[in-house]
Amino acid sequence: MLQLLKPTQLEVCALQWEGHCNEKPVHCNEESPLLTATRESPCTAMKTRRSQKRKDTQCQAFVKRVIMSRLFKIIMISTISTNAFFMVLWTDYKTRYNLFRLFEVSELIFVSIYSSEFCMKLYVDPINYWKDGYNLLDVIIIIIIFIPYSLRKIKGKHYPYLNIADGVQSLRILKLITYSRGIRTLITAVGQTAYTVASVLILLFVLMYIFAVLGFCLFGVPERADLNNWGNLALAFFTLFSLATVDGWTDLQQQLDARNFILSRSFTIIFILLASFVFLSMFVGVMIIHTEDSVKKLERELMLERHMTRMEEKHVILKRQQEEVSKLMQTQNVDHKSFTELVEKFKKTLRHTDPMVLDDFGTSLPFIDVYLSTLDNQDATIYKLQELYYEIVHVLSLMLEDLPQKKQSQSLEKVEEK
Numbered sequence: 001m002l003q004l005l006k007p008t009q010l011e012v013c014a015l016q017w018e019g020h021c022n023e024k025p026v027h028c029n030e031e032s033p034l035l036t037a038t039r040e041s042p043c044t045a046m047k048t049r050r051s052q053k054r055k056d057t058q059c060q061a062f063v064k065r066v067i068m069s070r071l072f073k074i075i076m077i078s079t080i081s082t083n084a085f086f087m088v089l090w091t092d093y094k095t096r097y098n099l100f101r102l103f104e105v106s107e108l109i110f111v112s113i114y115s116s117e118f119c120m121k122l123y124v125d126p127i128n129y130w131k132d133g134y135n136l137l138d139v140i141i142i143i144i145i146f147i148p149y150s151l152r153k154i155k156g157k158h159y160p161y162l163n164i165a166d167g168v169q170s171l172r173i174l175k176l177i178t179y180s181r182g183i184r185t186l187i188t189a190v191g192q193t194a195y196t197v198a199s200v201l202i203l204l205f206v207l208m209y210i211f212a213v214l215g216f217c218l219f220g221v222p223e224r225a226d227l228n229n230w231g232n233l234a235l236a237f238f239t240l241f242s243l244a245t246v247d248g249w250t251d252l253q254q255q256l257d258a259r260n261f262i263l264s265r266s267f268t269i270i271f272i273l274l275a276s277f278v279f280l281s282m283f284v285g286v287m288i289i290h291t292e293d294s295v296k297k298l299e300r301e302l303m304l305e306r307h308m309t310r311m312e313e314k315h316v317i318l319k320r321q322q323e324e325v326s327k328l329m330q331t332q333n334v335d336h337k338s339f340t341e342l343v344e345k346f347k348k349t350l351r352h353t354d355p356m357v358l359d360d361f362g363t364s365l366p367f368i369d370v371y372l373s374t375l376d377n378q379d380a381t382i383y384k385l386q387e388l389y390y391e392i393v394h395v396l397s398l399m400l401e402d403l404p405q406k407k408q409s410q411s412l413e414k415v416e417e418k
């Protein structure tokens with residue numbers, strides 16, 4: 001389509017692309033509506049970007065620094081922990097009656113802090129805020145916090161389901177997940193094991209289904225059947241679940257032995273071996289493997305963050321040194337082309353008899369640490385050399401002891417020959 005345009009028309013379109021998006025579009029080629037549509041779409045996109053650009057970037061950056069600061073995290077963790085402690089005290093009726101006013105004031109403070117946190121995070125990034133699952137968890141918790149107030153206003157204080165709304169307030173402690181990286185790592189590990197765990201649970205369900213039908217036919221149908229534990233398929237499933245967790249299986253087996261079922265012991269032993277020792281152990285092993293992988297990943301991320309922090313600190317130090325050198329160059333009266341030339345000229349003025357101040361260098365902790373480790377290495381080297389010298393002397397002494405014996409043996413051999 002662009003090849004059909006004349007050079008003048010291309011220039012007009014280029015000008016329209018750069019600076020005239022807000023004006024009425026110029027029809028560079030009326031016979032090509034496709035080009036007009038494609039030319040208007042970038043202008044519309046640029047208008048959208050301009051409209052989305054925030055004007056309060058400084059305030060946004062300040063609020064973001066506050067949210068990301070360590071002090072803010074400590075305040076939020078302390079607030080959530082204190083709220084959980086107050087909820088424990090609230091469960092005691094005498095304490096609730098004696099500290100009723102304190103509980104009301106503290107509740108207002110906690111709700112205000114949670115609401116302020118939500119507003120601050122939403123103000124910093126109102127679009128990406130809803131894309132984070134932990135932020136959605138915070139929103140759900142805030143909604144749960146306001147449910148009792150709404151029910152008291154709408155239904156009154158004697159609403160029968162108000163106790164449930166008060167009990168659900170214990171979910172507030174889940175806000176700690178947002179500020180605990182270790183808990184988030186464990187949740188990630190559990191999420192990664194969802195498919196494997198689901199497969200293991202399906203296999204366990206199939207096994208329980210087979211043994212439930214078999215147990216119903218063996219122990220629930222005859223005249224002397226155990227109807228309390230094997231009377232129908234639902235009871236058989238519940239009984240098998242007790243056997244799988246090895247909880248009270250001896251009582252269940254005694255009830256079967258009392259009715260003289262021949263295959264009851266073999267049935268119980270086989271099911272416990274398969275369900276408890278195989279499937280549950282497999283379930284625990286899968287969780288442990290994925291948890292270890294998540295912990296190793298977290299350690300690598302922490303090492304990378306520490307490395308990046310050190311690199312940023314080095315960059316800041318180098319930048320400050322460069323600024324100091326540039327200031328030094330600007331303050332010099334003599335004209336120097338570079339800092340290297342300044343150093344070379346300074347070297348020429350030095351003498352061997354000139355004193356050198358090493359107070360700051362020789363008394364610094366890093367230098368002392370390196371110097372002490374160097375002395376330790378020198379002591380170790382000297383000790384090894386001493387041991388080597390002792391061995392050499394010992395070998396030479398043995399050689400000297402052998403020399404007279406060799407001379408005597410040689411003289412005796414000569415006498416015998418004669």
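So that you can map any letter, position 184 of the sequence shown is 184 in UniProt numbering, and since no number is skipped, the others follow by simple counting.
Note that the Cβ used here is the ideal one computed from N, Cα and C, for glycine as well.
Between the C-alpha atoms of Y195 and L201 there is a straight-line separation of about 10 Å. For V111, the enclosing alpha helix (DSSP H) starts and ends at F100 to V124. Counting of Cβ neighbours within 10 angstroms places R172 among the buried residues, the total reaching 16 or more.
Taken in chain order, the complete alpha helix (DSSP H) segments of 4 residues or longer contained in the segment 230–277 are 233–244, 249–258 and 264–272. Under the three-state reduction of DSSP, Y383 is assigned to helix.
Its chain contains A212, V213 and F216 as the residues whose beta carbon lies nearer than 8 Å to that of L233, once the 5 sequence neighbours on both sides are disregarded; these appear in chain order. Note on S264: 16 or more other CB atoms within 10 angstroms of its CB, so buried under the neighbour-count rule. When rounded, the separation of the alpha-carbon atoms in A236 and D226 is 10 Å. In the displayed model, V221 falls within coil according to three-state DSSP, outside both helix and strand. Residue range L162 to G167 is occupied by the alpha helix (DSSP H) that includes G167. Burial of W230 is indicated by the presence of at least 16 other C-beta atoms within 10 angstroms of its C-beta. Its Cα nearest to that of V139, the residue S115 stands out among S115, L108 and V105. Each of I187, S326, H315 and V124 was checked against the Cα of K64, and the nearest Cα belongs to V124. Shown here, H158 sits in coil according to DSSP, grouped into three states, outside any helix or strand. A Cβ-Cβ separation of about 19 Å leaves L122 out of contact with I177 under the 8 Å criterion. Counting only residues of its own chain and dropping the five nearest sequence neighbours on each side, F118 has a CB closer than 8 Å to the CB of D138, V139 and I142. In this chain, R54 is not harboured by any alpha helix (DSSP H), its DSSP state being neither H nor E. When C-alpha distances from H290 are compared across S326, Q192 and E305, the shortest belongs to Q192.
Here the segment 304–320 does not lie against the segment 255–264, with fewer than 3 beta-carbon pairs under 8 Å apart. The beta carbons of S242 and L252 sit about 7 Å from each other, so the pair counts as a contact at 8 Å.
Rounded to whole angstroms, the gap between the alpha carbons of D293 and L151 is 45 Å. S180 sits in coil when the DSSP states are folded into three classes, being neither helix nor strand. Of all alpha-carbon atoms in T245, I147 and K175, the one lying nearest the alpha-carbon of S276 is that of T245. Distance from the CA of N135 to the CA of H315, rounded to the nearest whole angstrom, comes to 34 Å. Leaving aside the five residues that flank L89 on each side, the residues in its chain whose CB is nearer than 6 Å to its CB run, in chain order, T95. The three-state reading of DSSP puts T193 in coil, since its state is none of H, G, I, E or B.
By the Cβ neighbour-count rule, K319 is exposed, with fewer than 16 other Cβ atoms within 10 Å of its own. With a contact defined as Cβ atoms closer than 8 Å, T79 and F110 qualify at about 7 Å. DSSP places I173 outside any alpha helix (DSSP H), giving it a letter other than H or E. The DSSP-derived three-state label of T91 is coil. A straight line joining the alpha-carbon of E299 with that of I183 spans about 14 Å. Counting of Cβ neighbours within 10 angstroms places M311 among the exposed residues, the total staying below 16. Of the residues Y209, I113, M120 and L204, the one whose Cα lies closest to the Cα of A61 is M120.
L302 and T185 have their C-alpha atoms some 12 Å from each other. Each residue's CA atom was taken as its position, placing F205 and I164 some 32 Å apart.
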